[in-house]
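**Student:** Starting off with a structure, shown below.
There are 2 protein chains.
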Amino acid sequence: MSNPSDQNRFVFDAEFSVDFAHRLIFTDDLLADGDSTIESLFGDSSASADSGVLAAIDSEVARLHPNLGERLTGRFSSPELPELREVTLVPGGEAAKNDPDVVEHLLSLIDTLRIDRKSTILCIGGGAVLDAVGYAAGIAHRGVRLIRVPTTVLSQLDAAVGVKNGVNKFGKKNFCGTFAVPDAVVCDESMLATLSDRDWRGGFSEAVKIACLKDESFFDGIESSAARIRDRDMDAARPVIRHCADLHLRHIAEGGDPFECREARPLDFGHWSAHRLESLTDFTVTHGEAVSIGVALDTHYSHLVGRIDRDTSIRVVRTLDALGLPTSHPALGSDALLDGLEEFREHLGGRLTITLLEGIGRGIDVHVVDRDLVAEAATTLPNLLSG
Amino acid sequence: MSNPSDQNRFVFDAEFSVDFAHRLIFTDDLLADGDSTIESLFGDSSASADSGVLAAIDSEVARLHPNLGERLTGRFSSPELPELREVTLVPGGEAAKNDPDVVEHLLSLIDTLRIDRKSTILCIGGGAVLDAVGYAAGIAHRGVRLIRVPTTVLSQLDAAVGVKNGVNKFGKKNFCGTFAVPDAVVCDESMLATLSDRDWRGGFSEAVKIACLKDESFFDGIESSAARIRDRDMDAARPVIRHCADLHLRHIAEGGDPFECREARPLDFGHWSAHRLESLTDFTVTHGEAVSIGVALDTHYSHLVGRIDRDTSIRVVRTLDALGLPTSHPALGSDALLDGLEEFREHLGGRLTITLLEGIGRGIDVHVVDRDLVAEAATTLPNLLSG
Numbered sequence: 001m002s003n004p005s006d007q008n009r010f011v012f013d014a015e016f017s018v019d020f021a022h023r024l025i026f027t028d029d030l031l032a033d034g035d036s037t038i039e040s041l042f043g044d045s046s047a048s049a050d051s052g053v054l055a056a057i058d059s060e061v062a063r064l065h066p067n068l069g070e071r072l073t074g075r076f077s078s079p080e081l082p083e084l085r086e087v088t089l090v091p092g093g094e095a096a097k098n099d100p101d102v103v104e105h106l107l108s109l110i111d112t113l114r115i116d117r118k119s120t121i122l123c124i125g126g127g128a129v130l131d132a133v134g135y136a137a138g139i140a141h142r143g144v145r146l147i148r149v150p151t152t153v154l155s156q157l158d159a160a161v162g163v164k165n166g167v168n169k170f171g172k173k174n175f176c177g178t179f180a181v182p183d184a185v186v187c188d189e190s191m192l193a194t195l196s197d198r199d200w201r202g203g204f205s206e207a208v209k210i211a212c213l214k215d216e217s218f219f220d221g222i223e224s225s226a227a228r229i230r231d232r233d234m235d236a237a238r239p240v241i242r243h244c245a246d247l248h249l250r251h252i253a254e255g256g257d258p259f260e261c262r263e264a265r266p267l268d269f270g271h272w273s274a275h276r277l278e279s280l281t282d283f284t285v286t287h288g289e290a291v292s293i294g295v296a297l298d299t300h301y302s303h304l305v306g307r308i309d310r311d312t313s314i315r316v317v318r319t320l321d322a323l324g325l326p327t328s329h330p331a332l333g334s335d336a337l338l339d340g341l342e343e344f345r346e347h348l349g350g351r352l353t354i355t356l357l358e359g360i361g362r363g364i365d366v367h368v369v370d371r372d373l374v375a376e377a378a379t380t381l382p383n384l385l386s387g
Numbered sequence: 388m389s390n391p392s393d394q395n396r397f398v399f400d401a402e403f404s405v406d407f408a409h410r411l412i413f414t415d416d417l418l419a420d421g422d423s424t425i426e427s428l429f430g431d432s433s434a435s436a437d438s439g440v441l442a443a444i445d446s447e448v449a450r451l452h453p454n455l456g457e458r459l460t461g462r463f464s465s466p467e468l469p470e471l472r473e474v475t476l477v478p479g480g481e482a483a484k485n486d487p488d489v490v491e492h493l494l495s496l497i498d499t500l501r502i503d504r505k506s507t508i509l510c511i512g513g514g515a516v517l518d519a520v521g522y523a524a525g526i527a528h529r530g531v532r533l534i535r536v537p538t539t540v541l542s543q544l545d546a547a548v549g550v551k552n553g554v555n556k557f558g559k560k561n562f563c564g565t566f567a568v569p570d571a572v573v574c575d576e577s578m579l580a581t582l583s584d585r586d587w588r589g590g591f592s593e594a595v596k597i598a599c600l601k602d603e604s605f606f607d608g609i610e611s612s613a614a615r616i617r618d619r620d621m622d623a624a625r626p627v628i629r630h631c632a633d634l635h636l637r638h639i640a641e642g643g644d645p646f647e648c649r650e651a652r653p654l655d656f657g658h659w660s661a662h663r664l665e666s667l668t669d670f671t672v673t674h675g676e677a678v679s680i681g682v683a684l685d686t687h688y689s690h691l692v693g694r695i696d697r698d699t700s701i702r703v704v705r706t707l708d709a710l711g712l713p714t715s716h717p718a719l720g721s722d723a724l725l726d727g728l729e730e731f732r733e734h735l736g737g738r739l740t741i742t743l744l745e746g747i748g749r750g751i752d753v754h755v756v757d758r759d760l761v762a763e764a765a766t767t768l769p770n771l772l773s774g
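Here the protein sequences line up with chains A and B, keeping their order.
Residues 1 to 387, numbered by the numbering used here, are exactly what the first sequence covers, in order.
Residues 388 to 774, numbered by the numbering used here, are exactly what the second sequence covers, in order.
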């Protein structure tokens, strides 16, 4: 450098990498006598006798499984397991992420119960509760160990597998959050039996989404068993849930960008409108339903911009429909919905990047969105299957 | 597994690593005409035109450099640089970490100024302000780009180089925080000229600490130039600040545990009592002074448990003294101070691990602390140099 003020300038550069391990477990009933999952998670713990467990349970799950707290306490009474210091309830659904008192209360429990970085927070619940509890675990002591037990289809095949957490703020989804790899994710099949039909079906929109993006034969399988899945045939649903979770896990581990430093978020197909639709409808449309509508919209838009043919678009929308999922909504195409594009860009940062389809199993990132064609997609979507 | 309830159990394991780059820059005057640092940091930005800059300045730094905001605005008026959207002041010192409104205000600015993940928060200040602003940057949108400009000796050679942030809660230091690698750390020498003598000297306790742990010849250098450093001879101080920061950076990059997943924190020599002393004295003892006292205490304790000889212990304490740093305090040895051992254990998690000296340049982790000998070290420390 020729400038005199640069003469004293000195630069040290360092590069390093951090290794993470991510474990995803499927089991029939985590708390059943003889299920070895809890021993496998805590038995080889390097924690000292000072480390304990705080269990946080989704209030809706606790209502449907009234003896859950008691079963947990019994399960942890073994001297080989760390001390279960408290079982606390967390409001179910988006309330967990909207109410700052939820995180505040969890932090105060972490403080008073002396939950340290080698202690474990065991969270049993739906995606929103896992997100809020995960956030508290992520920021306390710069990260307490977290085991997630997702209890919905949606969280078992999608949210709980991810390496992030978040709470809503300023009316924006996941405005605050961190990237944090859970110690383990344990999908307990017994929890799915008590889901409402609406929540059962809602989860499969994420399976259709990831199949559309990455795996054509997986899509074929969902398409052919959609009616059985809708009717809660576990033998049809189980392989879909597991394969979807595995695809998600592989995307994180092998996709090269687990902490989303690049501009695209390839798994967010259909999500720009889904996020917006949820907040525009005050969360009366669930996340799973909103994703179904968002996937239908962006699939149909992919056709209108010439990337896929009309039959392919119809196949995707028909599969969502056959799963009992909604594929359009009156709020689609409103200016307020289209403003979701900017909110989505802002949350990801950098230039706008959304994912479209080039075929089933083939997602592609684009940076330009034609608002008129989005509006046309929204207008024509309700009649696509009857047209 | 023989148990029938395990028959349907299935485990997916995934391992992955995340790469990080860490850049440490020393320069005379970051905002001087012709200094190329800002261009080097923003010139190759992959950010879109939508990305901007939020500058957060330590109120104490702003008081000592009244034209800093104006210089920043002028510097960023270049069309090649992203838009500087606002310059906000953050209360200097520990107040930044104790007052939750500081983080809340920063988050609301990030929201209203539409600072996205590819935008940058440029923070100019001492270690506490860098910690609080870094925390806001770490949790907003799961992590906004952060450039730290440390303005004190202490933050230039230690805190700012680290990959963590934090705020205090429940009366506990850094109860909330995240691990987050800054985009760059820029040490601006011109900022050091306005430090009080007390703050100037305080920083060098961390240099003595890391020299004691890792680098005997570095210790020799500090020892021989202690009086010149105390008297603010920049030619004596500059190499100490730079070498100390470089040692710290190498420890993070090459130490194998940048996010502190193991039980020990090898750089926390002298810190269990230092953290406690700060809160016991309501932060009237500064962090740098507390570290000096803590290093003196644990060095003398290392002698009392037979790990180093008396002369070595005296050399370390004398060097701290020659730098103009305090080496004892009336609160040392009180039960309230010793309770800091448990708080320190809890923050790190797992069993208690503190670092002692086996010689100058050689730290060693231990898990047992003899409270009586700590009390004896505290009692005899004030007379060590005169004895």
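Built from N, CA and C at the ideal position, the CB exists for glycine as well.
Can you tell me whether DSSP reads A434(B) as helix, strand or coil?
**Tutor:** Reading the second sequence from its first residue, position 47 is the one you call residue 434(B). Here the model assigns A434(B) a pLDDT of 48, short of 50, so the residue's position is not dependable, and the following value carries that caveat. Note: A434(B) maps to coil in three-state DSSP.
**Student:** Give me, in chain order, the residues of the same chain whose beta-carbon lies closer than 6 Å to that of A677(B); leave out the 5 immediate sequence neighbours on both sides.
**Tutor:** Position 290 of the second sequence, counted from the start, is the residue given in the question as residue 677(B). Excluding sequence neighbours, A677(B) sits near A661, L664 and E665.
**Student:** Report the residues of the segment 400 to 414 of chain B with a CB closer than 9 Å to any CB of chain A, ordered along the chain.
**Tutor:** Residues D400, A401, E402, F403, S404, V405, D406, F407, A408, H409, R410, L411, I412, F413 and T414.
**Student:** In three-state terms, what does DSSP make of N165(A)?
**Tutor:** The sequence position of residue 165(A) within the first sequence is 165, counting from 1. Coil, per DSSP.
**Student:** Would you please verify whether the beta carbon of A434(B) is less than 9 Å from any beta carbon of chain A?
**Tutor:** In the second sequence, residue 434(B) corresponds to position 47, counting from 1. In this prediction, A434(B) scores a pLDDT of 48, lower than 50, which makes its location untrustworthy; the coordinate-derived value is nonetheless stated afterwards. Judged by the 9 Å Cβ criterion, A434(B) is in contact with chain A.
**Student:** Does any C-beta atom of chain A lie closer than 9 Å to the C-beta of A624(B)?
**Tutor:** Position 237 of the second sequence holds residue 624(B). A624(B) does not count as touching chain A.
**Student:** Where does K505(B) fall in DSSP's three states?
**Tutor:** As a first step, residue 505(B) is located in the second sequence; it is residue number 118 there, counting from the start. DSSP places K505(B) in coil when its eight states are reduced to three.
**Student:** Below 9 Å on C-beta distance, what does C176(A) contact in chain B?
**Tutor:** Taking the first residue of the first sequence as position 1, residue 176(A) is located at position 176. L494, I526, A527, H528 and R529, listed in chain order.
**Student:** Using 9 Å as the limit for Cβ to Cβ distance, is A547(B) near chain A?
**Tutor:** Here the question's residue 547(B) lines up with position 160 in the second sequence. No, A547(B) does not count as interfacial toward chain A.
**Student:** Out of curiosity, what's the CA-to-CA distance linking N770(B) and S592(B)?
**Tutor:** Taking the first residue of the second sequence as 1, we reach residue 770(B) at position 383. Taking the first residue of the second sequence as 1, we reach residue 592(B) at position 205. Distance between the alpha carbons of N770(B) and S592(B): 20 Å.
**Student:** In angstroms, rounded to a whole number, what distance separates the CA positions of Q543(B) and W587(B)?
**Tutor:** Along the second sequence, read from residue 1 onward, the residue named residue 543(B) stands at position 156. Along the second sequence, read from residue 1 onward, the residue named residue 587(B) stands at position 200. Rounded to whole angstroms, Q543(B) to W587(B) spans 11 Å at the Cα level.
**Student:** Which chain B residues are close to F76(A), counting only those with a beta carbon under 9 Å from its beta carbon?
**Tutor:** In the first sequence, the residue the question calls residue 76(A) occupies position 76. Per Cβ cutoff of 9 Å: no residues; F76(A) is ~18 Å from chain B at best.
**Student:** Is A580(B) helix, strand or coil by DSSP?
**Tutor:** In the second sequence, the residue the question calls residue 580(B) occupies position 193. A580(B) falls in the helix class under three-state DSSP.
**Student:** For chain A, check one thing: does any of its Cβ atoms lie closer than 9 Å to the Cβ of I425(B)?
**Tutor:** By 1-based counting over the second sequence, the position of residue 425(B) is 38. No, because no Cβ of chain A sits closer than 9 Å to the Cβ of I425(B).
**Student:** Using 9 Å as the threshold, is the C-beta distance between E447(B) and G512(B) below it?
**Tutor:** Locating residue 447(B) in the second sequence gives position 60, where the first residue counts as 1. Locating residue 512(B) in the second sequence gives position 125, where the first residue counts as 1. Taking 9 Å as the Cβ cut-off, E447(B) and G512(B) qualify as a contacting pair.
**Student:** Between the alpha carbons of T581(B) and L451(B), how many angstroms are there, rounded?
**Tutor:** Within the second sequence, numbered from 1, the residue matching residue 581(B) stands at position 194. Within the second sequence, numbered from 1, the residue matching residue 451(B) stands at position 64. Near 7 Å, if we compare the C-alpha coordinates of L451(B) and T581(B).
**Student:** Taking buried to mean at least 16 other C-beta atoms within 10 Å of its own C-beta, is F170(A) buried or exposed?
**Tutor:** As a first step, residue 170(A) must be located in the first sequence, where it is residue number 170. Looking at its Cβ environment, which holds fewer than 16 other Cβ atoms inside 10 Å, F170(A) is exposed.
**Student:** By the 10 Å Cβ neighbour count, where 16 or more other Cβ atoms means buried, how is M234(A) classified, buried or exposed?
**Tutor:** Within the first sequence, residue 234(A) is the residue found at index 234, counting from 1. Exposed.
**Student:** Note down, in chain order, every chain A residue with its Cβ under 9 Å from the Cβ of G681(B).
**Tutor:** Within the second sequence, the letter at position 294 stands for residue 681(B). Going along chain A, no residue has its Cβ under 9 Å from G681(B), so there is no contact; the nearest lies around 20 Å.
**Student:** Which residue or residues does DSSP assign as beta-bridge partners of L356(A)?
**Tutor:** For the purposes of this step, residue 356(A) is taken as the residue at position 356 of the first sequence. I364(A), per the DSSP bridge assignment.
**Student:** Please list, in chain order, all residues of the same chain as A336(A) whose beta carbon is under 8 Å from its beta carbon, the five residues on each side excluded.
**Tutor:** If you number the first sequence from 1, residue 336(A) lands on position 336. Around A336(A): R276 and L280.
**Student:** Could you tell me whether any Cβ in chain A is nearer than 9 Å to the Cβ of D620(B)?
**Tutor:** As a position in the second sequence, residue 620(B) is number 233, starting the count at 1. No, D620(B) lies away from the interface with chain A (no Cβ there is under 9 Å from its Cβ).
**Student:** Between which two residues does the alpha helix (DSSP H) carrying N485(B) extend?
**Tutor:** Residue 485(B) sits at position 98 when you count from the first residue of the second sequence. N485(B) -> alpha helix (DSSP H) spans A482 to N485.
**Student:** Which class does G52(A) belong to by DSSP, given the choice of helix, strand or coil?
**Tutor:** Taking the first sequence and counting its residues from 1, one reaches residue 52(A) at position 52. Strand.
**Student:** Tell me whether the beta-carbon of F407(B) lies closer than 9 Å to the beta-carbon of V11(A).
**Tutor:** By 1-based counting over the second sequence, the position of residue 407(B) is 20. By 1-based counting over the first sequence, the position of residue 11(A) is 11. No. Outside cutoff.
**Student:** Per DSSP, what kind of secondary structure is G512(B) in: helix, strand or coil?
**Tutor:** Mapped onto the second sequence, residue 512(B) falls at position 125. If DSSP states are grouped into helix, strand and coil, G512(B) belongs with the strands.
**Student:** Looking at the C-beta of E86(A), does it have a partner C-beta in chain B at a distance below 9 Å?
**Tutor:** Residue numbering aside, residue 86(A) sits at position 86 when the first sequence is read from its first letter. Not closer than 9 Å to any Cβ of chain B, the Cβ of E86(A) fails to qualify, so no.
**Student:** Beta-carbon within less than 8 Å of A322(A)'s beta-carbon, same chain only, minus the 5 sequence neighbours each way: which residues are those?
**Tutor:** Residue numbering aside, residue 322(A) sits at position 322 when the first sequence is read from its first letter. Here the set comprises E223, A226, A227 and R230.
**Student:** Helix, strand or coil for S404(B) per DSSP?
**Tutor:** Taking the first residue of the second sequence as position 1, residue 404(B) is located at position 17. In this structure, S404(B) counts as strand in the three-state DSSP scheme.
**Student:** DSSP beta-bridge partners for L341(A)?
**Tutor:** Position 341 of the first sequence, counted from the start, is the residue given in the question as residue 341(A). BP columns for L341(A) are empty, so no partner.
**Student:** Is the Cβ-Cβ distance between G203(A) and V153(A) less than 9 Å?
**Tutor:** Within the first sequence, residue 203(A) is the residue found at index 203, counting from 1. Within the first sequence, residue 153(A) is the residue found at index 153, counting from 1. Yes, the pair counts as a contact, with Cβ atoms nearer than the cut-off.
**Student:** So which residues of chain A does S438(B) contact, with C-beta pairs closer than 8 Å?
**Tutor:** For the purposes of this step, residue 438(B) is taken as residue 51 along the second sequence, with counting starting at 1. Here the neighbours are G349 and G350.
**Student:** What does DSSP give as the partner residue(s) for E289(A) in the beta ladder?
**Tutor:** Locating residue 289(A) in the first sequence gives position 289, counting from the first residue. Answer is none; E289(A) lacks a bridge partner.
**Student:** Applying the 10 Å Cβ sphere with the 16-neighbour rule, what's the burial state of T507(B)?
**Tutor:** The residue labelled residue 507(B) in the question sits at position 120 within the second sequence. It is buried - the Cβ of T507(B) has at least 16 other Cβ atoms within 10 Å.
**Student:** Apart from the five residues on each side of it in sequence, which residues of its chain come closer than 8 Å, Cβ to Cβ, to P717(B)?
**Tutor:** Translated into the one-based positions of the second sequence, residue 717(B) becomes position 330. Same-chain partners within the cutoff: there are none.
**Student:** Just the Cα atoms here: how many angstroms apart are D400(B) and F656(B)?
**Tutor:** Mapped onto the second sequence, residue 400(B) falls at position 13. Mapped onto the second sequence, residue 656(B) falls at position 269. Between D400(B) and F656(B), the C-alpha separation is close to 37 Å.
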